[in-house]
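Residue numbers (the UniProt record's numbering): 1 to 332.
Have a look at the structure below before the remarks.
Okay, here's the thing in structure tokens:
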């Protein structure tokens, strides 16, 4: 990918972010408790899966000669090695056949070309059971699991239309009801529908119009509150929407995010993070605590920056009629 001059500062955010992530490889590594039933998944498999997902997107949207592509591929190779070439997924599936996180993490790597046929075969067997299909999940998470199934060759007819109306975003709620949890839910609905930005046409026209109207004020609110992590996710959604509408990148938002970064390109979760005494950091070494407070938002900054700078120039298509959704209780 060769970024135009006007997107060069945004491109640099992605470069700096992945460079910082690369220096933190050891923090993404799986520990000895990776297969423990009572292991801390959020501090082991979750970071590794998020690393794989973002790097898969970066690799998809950049050309092989691009240094950013090379770094993303190297990080993907690292993530795959951490899973013992996919063998740990098979062992996890045997230990916890109805846990969804092994499939979700594996799917991120599978989207970049890493496959373990034995795991996929075992996962397909479990996915045919009523117990798997009837596991109770919130609608947004369900979309994510169904997307992971698709990536692993488990196809279900018309999966998105059935689940979408039950999500916060899919119901086109009153815009003033937006808050933090709704923000994270809506970004992930967009990510799942568009295969993490690979297929912007997966976003239905009514959602394109709704987001084109209301995403800018929501993003401004999050930036003003110093919610850098959520702001990064919303900027990724903005990039997806822009590929359908032809709207320009929100320069002021990117400038705010750039100014919030640390000295090495890392981005904190929120303004003035960490707090002087964070109970979640109790007993953690300072460098580990710093990693946990920065890795996700930094990955999201890289993800959003790559989607933004990779946006092709094309006229708006398939967005439907742009309008305010007064019928949904929106302020006029």
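The beta-carbon is built from N, C-alpha and C at its ideal position, and this holds for glycine as well.
Residue i burial status per 10 Å Cβ neighbour count (16 or more: buried)
i: residue 333; result: In this structure the chain extends from 1 to 332, so residue 333 is not present and cannot be described.
i: residue 137; result: exposed
i: residue 287; result: exposed
i: residue 264; result: exposed
i: residue 98; result: exposed
i: residue 131; result: exposed
i: residue 134; result: exposed
i: residue 224; result: exposed
i: residue 308; result: buried
i: residue 155; result: exposed
i: residue 124; result: exposed
i: residue 71; result: buried
i: residue 102; result: buried
i: residue 23; result: exposed
i: residue 173; result: buried
i: residue 147; result: buried
i: residue 250; result: buried
i: residue 37; result: exposed
i: residue 310; result: buried
Other residues of its chain near residue i: CB distance less than 7 Å, five sequence neighbours each side excluded
i: residue 15; result: 68
i: residue 189; result: 140, 143, 167, 169, 170
i: residue 178; result: 218
i: residue 211; result: 237, 241
i: residue 300; result: 229, 232, 233, 236
Element boundaries [alpha helix (DSSP H), containing residue i]
i: residue 20; result: 8 to 23
i: residue 46; result: 45 to 60
i: residue 300; result: 295 to 309
i: residue 231; result: 228 to 245
i: residue 118; result: 117 to 127
i: residue 114; result: Residue 114 -> no alpha helix (DSSP H), and no H or E assigned at all.
i: residue 140; result: 139 to 151
i: residue 135; result: Run containing residue 135: none; DSSP gives neither H nor E here.
i: residue 37; result: No alpha helix (DSSP H) holds residue 37; DSSP gives it neither H nor E.
i: residue 205; result: 205 to 224
i: residue 100; result: No alpha helix (DSSP H) contains residue 100, which DSSP labels as neither H nor E.
i: residue 69; result: 67 to 82
i: residue 94; result: 87 to 95
Chain-order list of residues whose beta-carbon lies under 6 Å from that of residue i (same chain, five-residue window excluded)
i: residue 105; result: 45, 49
i: residue 282; result: Annotation note: pLDDT 48 at residue 282 (below 50); position unreliable, coordinate value reported separately. Nothing listed; no residue qualifies.
i: residue 183; result: 230
i: residue 27; result: 291
i: residue 114; result: 80
Proximal residues to residue i (C-beta, below 8 Å), its chain only, five neighbours per side dropped
i: residue 35; result: 88, 91, 92, 95
i: residue 260; result: 226, 228, 267, 268, 271
i: residue 323; result: Per-residue confidence for residue 323 stands at a pLDDT of 37, beneath the threshold of 50, marking its modelled position as unreliable; the derived number appears in the next sentence. Correct list, in chain order: 209, 213.
i: residue 302; result: 13, 14, 17, 18, 21, 54, 58
i: residue 296; result: 47, 50, 229, 269
Residue i: CB within 7 Å of a non-hydrogen atom of the ligand FAD
i: residue 150; result: With respect to the ligand FAD, the structure shown offers nothing to examine, as it has no ligands at all.
contact_flag[the segment 253 to 262, the segment 4 to 16] where n(CB pairs < 8 Å) is 3 or more: As far as the Cβ criterion goes, the segment 253 to 262 touches the segment 4 to 16, which means the pair count is three or higher.
Segment contact, 8 Å Cβ cut-off, at least three pairs: the segment 74 to 81 with the segment 38 to 47: Judged by Cβ distances under 8 Å, the segment 74 to 81 makes no contact with the segment 38 to 47, as fewer than three pairs qualify.
Meets three-Cβ-pair contact criterion under 8 Å: the segment 35 to 43 and the segment 53 to 60: Touching, no, given that fewer than three Cβ pairs across the two stretches are closer than 8 Å.
Validate contact between the segment 198 to 210 and the segment 226 to 235 using beta carbons, cut 8 Å, 3 pairs: Output reads no: the segment 226 to 235 does not touch the segment 198 to 210.
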